[in-house]
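All the letters of the sequence shown, read from the start, carry residue numbers -19 to -1, 1 to 338 under mature numbering (1 follows the signal peptide of the UniProt record, and there is no 0).
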Amino acid sequence: MRSSPLLLAAFLSGILVFAAEPALAQQNEAAALTVAVAKPAERQWPETIPASGWLKPWHEAVIAAEIGGLRVTDVLADVGSVVSKDQPLVRLADETVRAELRKEEAVLASAKADLAKARTSAGRARKVQGSGALSEEKITEYLIAEQTAIAGVESAEASLESQKIKLAQATILAPDDGLITARSVQLGAVVSSGTELFRLVRQQRVEWQAEVSARYLPRIKEGLTATIVGPEGRRVNGTVRLVGPTVSTDTGRVLAYVALPAEAHPPIGLYVTGQIELATTKAFTVPETALVVRDGIAYVFTVDADMRASRVRVETGRRNASEVEILSGLDPWADVVTTGGAFLSDKALVRVEEEAR
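Structure (structure tokens):
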């Protein structure tokens, strides 16, 4: 019976220790992570479709020689030159052309003299016609000679005009404002008619030939806004100017021609990705920092009234700036953890920043 007080003391000590363990655990759990929370937001976002394709000239002009057999004496432009319409680009040796021009001028002068003589004779023949002074055969001969002389003058004038055109063609001009992208002419070369000398991007306009899945064809219209991601991540906005009428049998895709602003100067020949904006629709969004991706699956953490964090699996959609669209899995009124979610576990006790302050 003397050991009863000792047993009682030991029993009471065990009760105190057992009662202290939950308090200690609660004290340790209370020191959980401090997080920031926010309600999901409703935005008006344009529906976008992905696309990719080449940057190509809007129109490319081939500048070629129209006259042959002449030597290049001056090359006045090079690759990268920005030129204006009718600006001289190449000059050809024109001595032979000018000599032919003077010859044609002389032929015209001779033809005009013959015409004057023929008209004088024809005029006299008309005056005596019917008087018997000249036979009808002779009168007809004078009148035909006049018509022949008129035709000779017209022919000489046409030859002279042709020679003037050849002289003008000895100086090759830019057909439009634009950017020289290729040069094949060399100083001193003797060119043939049709020889390519330069290639010109008209008006420096570059377009994006975007390949889009054929299922979007009924929804892509002229005037829609498109965005490409250029070099170094630079974004350039453009406008759909034309939608291809056919679908490629090889890829099942259709081409949308997107006009880009000339001042953007995107590099020709680059393959870029981007998107085309369709109709504007509602988007249920959270900050991108709220997403926690584990094993390829997207989650967010929500905080309930008991300050417990719950891991919720979600399906994501569009992204815009620093926000991401949530398609399913999340209550619109939930408090979503926007920072610190990567360090949380399911059912962890948390402190919200406002409460911490």
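We treat Cβ as the ideally placed atom computed from N, Cα and C, and that holds for glycine.
Using only alpha-carbon positions, find the residue among the options that is nearest to residue i.
i           : options                   : result
residue 401 : A149, H40, G175 and P38   : Lying before the first or after the last residue shown, residue 401 is absent from the chain, which here runs from -19 to 338.
K147        : E23, G50, G113 and V18    : G50
I48         : I153, E244, E81 and A243  : I153
L36         : L330, L115, Q185 and S62  : Q185
T25         : K263, P268, D316 and F282 : The sequence given here places Gln at residue 25; Thr does not occur at that position. That would be K263, whose Cα lies nearest to the Cα of Q25.
S136        : K93, D67 and Y197         : K93
Going by DSSP in three states, residue i sits in which element: helix, strand or coil?
i           : result
P226        : strand
K93         : helix
Q7          : Low confidence applies here, because Q7 scores a pLDDT of 44, under 50, leaving its location unreliable; read the following figure in that light. Helix at Q7.
G211        : coil
S33         : strand
S194        : strand
K147        : helix
S174        : coil
residue 339 : Only positions -19 to 338 of the chain appear in the structure, and residue 339 is not among them; the question remains open.
T270        : helix
P199        : helix
G133        : helix
L251        : coil
Our contact map puts residue i next to residue j with C-beta atoms below 8 Å; I'd like the distance itself, whole angstroms only.
i    : j    : result
N218 : T208 : 5 Å
T261 : V305 : Their Cβ separation, rounded to whole angstroms, is 17 Å, which puts T261 and V305 out of contact at 8 Å.
L325 : V318 : 7 Å
Less than 7 Å between C-beta atoms, sequence neighbours within five positions excluded: which residues of the same chain meet that for residue i?
i    : result
G204 : T220 and V221
G169 : R52 and V53
L241 : V187, E188, W189, V217, G219 and P247
S140 : E85 and V88
A12  : Model confidence at A12 stands at a pLDDT of 44, short of 50, so the residue's coordinates are unreliable; what they give is reported in the following sentence. Nothing listed; no residue qualifies.
T270 : T319 and T320
Using C-beta distances below 8 Å, list every residue in its chain close to residue i, excluding the 5 sequence neighbours before and after it, in chain order.
i    : result
T297 : L272, A279, V305, E306, I307 and L308
G159 : A42, V63, V64, L181, V182, R183, Q184 and Q185
A151 : I48, L51, R72, L73, A74, D75 and V78
A163 : V60, F179 and R180
Among residues of its own chain, excluding the 5 on either side of residue i, which ones have a beta-carbon nearer than 6 Å to its beta-carbon?
i    : result
V228 : A195 and V235
A103 : Y123, L124 and E127
V333 : V18
Q144 : E81, L82 and E85
* Asked: Can you list the alpha helix (DSSP H) stretches of 4 or more residues lying completely in the region 47 to 131, in chain order?
  -> 76 to 109
* Enumerated in chain order, which unbroken segments of the beta strand (DSSP E) with a length of 3 residues or greater are wholly contained in the region 301 to 331? -> 304 to 309 and 316 to 320
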